[in-house]
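Single-structure report; data block below.
There are 4 protein chains.
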Amino acid sequence: MTQAPRWRRRKEARPSEIVDAALGAFVERGYAATRLEDVAARAGIGKGTLYLYFSGKEELFKAVVRQHLLPALAAAERRVETADGPTPALLAEVLGTLIAAAAGPMGAIPKLVIGEAANFPDLARFYADEVVARGFGVLRALVARGVERGEFRPMDPDAVAPLLAAPMLLTALWKNALEPHASRELDTATMARTAVELLQLGLLPRREEGP
Amino acid sequence: MTQAPRWRRRKEARPSEIVDAALGAFVERGYAATRLEDVAARAGIGKGTLYLYFSGKEELFKAVVRQHLLPALAAAERRVETADGPTPALLAEVLGTLIAAAAGPMGAIPKLVIGEAANFPDLARFYADEVVARGFGVLRALVARGVERGEFRPMDPDAVAPLLAAPMLLTALWKNALEPHASRELDTATMARTAVELLQLGLLPRREEGP
Amino acid sequence: MTQAPRWRRRKEARPSEIVDAALGAFVERGYAATRLEDVAARAGIGKGTLYLYFSGKEELFKAVVRQHLLPALAAAERRVETADGPTPALLAEVLGTLIAAAAGPMGAIPKLVIGEAANFPDLARFYADEVVARGFGVLRALVARGVERGEFRPMDPDAVAPLLAAPMLLTALWKNALEPHASRELDTATMARTAVELLQLGLLPRREEGP
Amino acid sequence: MTQAPRWRRRKEARPSEIVDAALGAFVERGYAATRLEDVAARAGIGKGTLYLYFSGKEELFKAVVRQHLLPALAAAERRVETADGPTPALLAEVLGTLIAAAAGPMGAIPKLVIGEAANFPDLARFYADEVVARGFGVLRALVARGVERGEFRPMDPDAVAPLLAAPMLLTALWKNALEPHASRELDTATMARTAVELLQLGLLPRREEGP
DNA sequence: CATGAATGAGACTTCATTCAT
DNA sequence: TATGAATGAAGTCTCATTCAT
Chain D
3 MTQAPRWRRR KEARPSEIVD AALGAFVERG YAATRLEDVA ARAGIGKGTL
53 YLYFSGKEEL FKAVVRQHLL PALAAAERRV ETADGPTPAL LAEVLGTLIA
103 AAAGPMGAIP KLVIGEAANF PDLARFYADE VVARGFGVLR ALVARGVERG
153 EFRPMDPDAV APLLAAPMLL TALWKNALEP HASRELDTAT MARTAVELLQ
203 LGLLPRREEG P
Chain Y
3 MTQAPRWRRR KEARPSEIVD AALGAFVERG YAATRLEDVA ARAGIGKGTL
53 YLYFSGKEEL FKAVVRQHLL PALAAAERRV ETADGPTPAL LAEVLGTLIA
103 AAAGPMGAIP KLVIGEAANF PDLARFYADE VVARGFGVLR ALVARGVERG
153 EFRPMDPDAV APLLAAPMLL TALWKNALEP HASRELDTAT MARTAVELLQ
203 LGLLPRREEG P
Chain X
3 MTQAPRWRRR KEARPSEIVD AALGAFVERG YAATRLEDVA ARAGIGKGTL
53 YLYFSGKEEL FKAVVRQHLL PALAAAERRV ETADGPTPAL LAEVLGTLIA
103 AAAGPMGAIP KLVIGEAANF PDLARFYADE VVARGFGVLR ALVARGVERG
153 EFRPMDPDAV APLLAAPMLL TALWKNALEP HASRELDTAT MARTAVELLQ
203 LGLLPRREEG P
Chain A
3 MTQAPRWRRR KEARPSEIVD AALGAFVERG YAATRLEDVA ARAGIGKGTL
53 YLYFSGKEEL FKAVVRQHLL PALAAAERRV ETADGPTPAL LAEVLGTLIA
103 AAAGPMGAIP KLVIGEAANF PDLARFYADE VVARGFGVLR ALVARGVERG
153 EFRPMDPDAV APLLAAPMLL TALWKNALEP HASRELDTAT MARTAVELLQ
203 LGLLPRREEG P
């Protein structure tokens, strides 16, 4: 149907297949302990084929981070921008979604970036400025919206945003790093519900502060 | 009093000096990228001398974690157990202390453990069960105390504890992994103050819930 | 006259185009450091196409040597065989031509062969026996001619031939290997003139040796 | 007897042992085809030990060149500077020595440098400027001495020097690269004698040029 | 005929660990 | 007890060669 030249079809799918394989491997063993040969095996290709698509381990790592985080982030931004309705409900929804996502495999990425930040300064910068800052931005906007509409107490959105993100981070790291080895589980649903409840209450205007 | 000749003192201090050197090295480069030769150099000893005190890199890593976390944890436990006075104030104090500590070099340890959890399952288990669980225990006790004394709404302390820990974790990781590379700083003091305010309000009994 | 369709011309030219491309690449980077992909690119063909004409890198190398040296050698042989006139003038002409040729790109071939002799014994043998020996043969014939005609002192042509070849070799290697990196140039014309002068005088009969 | 610290004795001999082993290996197979593992085996050490003394293959190569050529060069310089007696005899002695040396294993170094010049520009520059230029300098001084003392015709020493060097170069390359594979040998002694004879005669004042 | 995607053997290099001194 | 020279397993990366298209 498409006029794709013979081999291209495969070639175009490859990078993304490799990145997926790499994510899996990195998540399981960490960046340093992952052998490129394993990544290749997971992707069902030869060792050298990796180098047709990525200039080395480092580039592959960066590609993993970029490919898996930016789409999710963009989705979150859009959700908040286009939302209407009461802010507390929006907060509940966003927090719930984030925490649920953090419990999944995507939550392994922060672990990777945090662990390797010292060895990949530019990746750390990218992650800090483009992912974390943008993520905080979404939450800041959410808080500002609530404050403006009188649904939240007047608070500095810059100071509050990290606190909204914190439960998600904790979930991501616990679920992807420690829980597999721990003797007790964390109930994500309860976690999310409690977080929303606690933060909502913390943000709502106190009665005596009202008019 | 002890008949130990002077130079024994040095010998007895060695393991701890080495562990300190190792912590510094691990924090700066991560576990895998740290060369034992660098640790030895930091400790001012020869490469081979390390092996007189630790059986290898792995043991050294575990010693780092054990040595630096358990004392802080024990201190926190004692503080809560022996405290009297209103719980909200105690919460403020504990959270403030924890977040401040997380911003310091000790906050680098979670980063290490999280990053290497997959490669050191028994260390991960140790950390999850002995450090995290015990840490949560302190916070759980704190919440339970407030609930019992009617200072907090009735809530499940198990569900709330992680939420109290989350800002500390975020601080630890941000300060020790990303901020050195990021273009913006996190104001720890504001962070702590806002966290306390938000969580206190979220925990306090709502007026209409009172009698 | 031939019924070959036009595009066959291209096909027939291919091997020679490839050999030219290979010569350029080998000369620039050396045999081992030359990637077949670069040769293909220089020749304007695909990597796999090389293998339709040459069975591998080694064959290609041999083809380069054979194709570029034998014609020049045959020309030199013919020149000496058919020459008449005084031998000193012929010596001057031949030496001048050889040194001039050595300064050009063809002079890069000795460099290649010499550098790879150990890895290509049969090529080394071919070069030693078919190129060098034949080349020496031309010079030997030249000297013998001069001796026979009483224009040169009686000398062993076998012993003199290498000495006539030496300036050419030095020129070839200097121009093609070292000069590009050196801070001083070699003046080929002066070199040739001085060589001819020196060798002519060295070969001419001394007056007291005459009758 | 020496107060050399335990391991030092060995450590100090090592670099030179390794360089010797490397020279042998490079000469036999060429730079690119030589595996560091072979060099190590020749030196009787482990693969990794090489890296305690040389930062890599490239450094090792450069060390080989520097270590083996500069002493011989310095010796030649001294010989000419301190010589007295007639210049033609000095010329005979120097040329004879050089050609004899070129026929030995040291003569393999030019082959190496020439073959790898393109891949080691700085080594090529070093060799061209420090070895070749200095070598030419010795010969230039020799010629100038003869001219000044009226033992040689007035000639430009700069133009003559390369011609004196050429037989040595040819000997070095033939003996070390091609002859092992060729069916005929080059008689070094005859070569040297003929070269001296030819060049001396070429340089001596012609009778009619005298007063 | 021509291509270039895919491969995997092989080389360089690093570094945890050992052990003679 | 302390050292650091030595080691070799293991990992990253290159590139000649193959073969489906």
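Residue numbers (the numbering used here), protein chains in the order written: chain D, 3 to 213; chain Y, 3 to 213; chain X, 3 to 213; chain A, 3 to 213.
Every residue, glycine too, gets a C-beta built ideally from N, C-alpha and C.
{"query": "Y/Glu-199 in three-state terms, based on DSSP", "result": "helix"}
{"query": "Runs of alpha helix (DSSP H) lying entirely within the region 67 to 123 of chain Y, each at least 4 residues, in chain order", "result": "89 to 105 and 110 to 118"}
{"query": "Interface flag, A/Arg-142 vs chain X, CB-CB below 9 angstroms", "result": "no"}
{"query": "Meets three-Cβ-pair contact criterion under 8 angstroms: the region 131 to 139 of chain Y and the region 175 to 186 of chain Y", "result": "no"}
{"query": "Exposure of D/Thr-84, with buried meaning 16 or more beta-carbon neighbours within 10 Å", "result": "exposed"}
{"query": "Rounded Cβ spacing between Y/Pro-156 and Y/Val-149 (contact assumed at less than 8 angstroms)", "result": "6 angstroms"}
{"query": "Distance CB(X/Ala-110)-CB(X/Ala-119) smaller than 9 angstroms", "result": "no"}
{"query": "Short CB-CB distance (under 9 angstroms) between D/Val-67 and chain Y", "result": "no"}
{"query": "Chain-ordered neighbours of X/Ile-116 on chain A, where CB pairs are closer than 8 angstroms", "result": "Lys-113, Ile-116, Gly-117, Leu-175, Ala-179 and Leu-180"}
{"query": "8 angstroms contact criterion, which Y/Phe-216 and Y/Leu-205 should meet: CB distance rounded", "result": "The first residue shown for chain Y is 3 and the last is 213, placing residue 216 of chain Y beyond what the model contains."}
{"query": "Among Y/Asp-131, Y/Ala-23 and Y/Ala-197, the one whose alpha carbon lies nearest that of Y/Leu-62", "result": "Y/Ala-23"}
{"query": "Three-way DSSP call (helix, strand, coil) for D/Lys-59 in this model", "result": "helix"}
{"query": "Residue interval of the alpha helix (DSSP H) (run including D/Pro-159)", "result": "159 to 175"}
{"query": "Under the three-state DSSP convention, the category D/Phe-138 falls into", "result": "helix"}
{"query": "Beta carbon proximity, X/Pro-169 to chain A, threshold 9 angstroms", "result": "yes"}
{"query": "Three-way DSSP call (helix, strand, coil) for Y/Glu-187 in this model", "result": "coil"}
{"query": "Candidates X/Thr-99, X/Leu-52, X/Leu-97 and X/Glu-60, of which the one nearest X/Glu-19 by Cα", "result": "X/Leu-52"}
{"query": "X/Glu-150 in three-state terms, based on DSSP", "result": "helix"}
{"query": "Neighbour list for A/Val-41 in chain X, Cβ cutoff strictly below 8 angstroms", "result": "The premise fails here: A/Val-41 is roughly 15 angstroms from chain X at the closest Cβ pair, so nothing lies under 8 angstroms."}
{"query": "A/Arg-37 classed as buried or exposed, judged by whether at least 16 other C-beta atoms fall within 10 angstroms", "result": "exposed"}
{"query": "CB contact below 9 angstroms: A/Val-29 versus chain X", "result": "yes"}
{"query": "is_contact[X/Gln-5, chain A] using C-beta, thresh 9 angstroms", "result": "Its pLDDT being 44, under 50, X/Gln-5 is placed unreliably by the model, and nothing is read from it."}
{"query": "Own chain, CB closer than 6 angstroms to D/Pro-159, minus 5 neighbours either side, in chain order", "result": "Arg-142, Val-145 and Ala-146"}
{"query": "Inter-stretch contact at 8 angstroms, needing at least 3 Cβ pairs: the region 70 to 79 of chain D / the region 41 to 61 of chain D", "result": "no"}
{"query": "Run of the alpha helix (DSSP H) containing Y/Ala-43, from where it starts to where it stops", "result": "38 to 45"}
{"query": "For A/Tyr-53, the three-state DSSP class (helix, strand or coil)", "result": "helix"}
{"query": "Chain-order list of residues whose beta-carbon lies under 8 angstroms from that of A/Thr-89 (same chain, five-residue window excluded)", "result": "Leu-144, Arg-147, Gly-148, Arg-151, Glu-153 and Phe-154"}
{"query": "Three-state secondary structure (DSSP) of D/Arg-16", "result": "helix"}
{"query": "Exposed unless 16 or more other CB atoms sit within 10 angstroms - verdict on A/Lys-113", "result": "buried"}
{"query": "Cα-Cα separation between A/Ala-105 and A/Ala-130, rounded to whole angstroms", "result": "21 angstroms"}
{"query": "D/Thr-196 at chain Y interface by Cβ criterion, 9 angstroms", "result": "yes"}
{"query": "Residues that Y/Tyr-129 contacts on chain D, provided the C-beta gap is smaller than 8 angstroms", "result": "Leu-180"}
{"query": "Of the residues D/Ala-174, D/Leu-25 and D/Thr-196, the one placed nearest D/Ala-65, counting alpha carbons only", "result": "D/Leu-25"}
{"query": "Expected contact under 8 angstroms - CB spacing of Y/Ala-197 and Y/Pro-169 to nearest Å", "result": "4 angstroms"}
{"query": "C-beta neighbour in chain D for Y/Arg-186, strict 9 angstroms", "result": "yes"}
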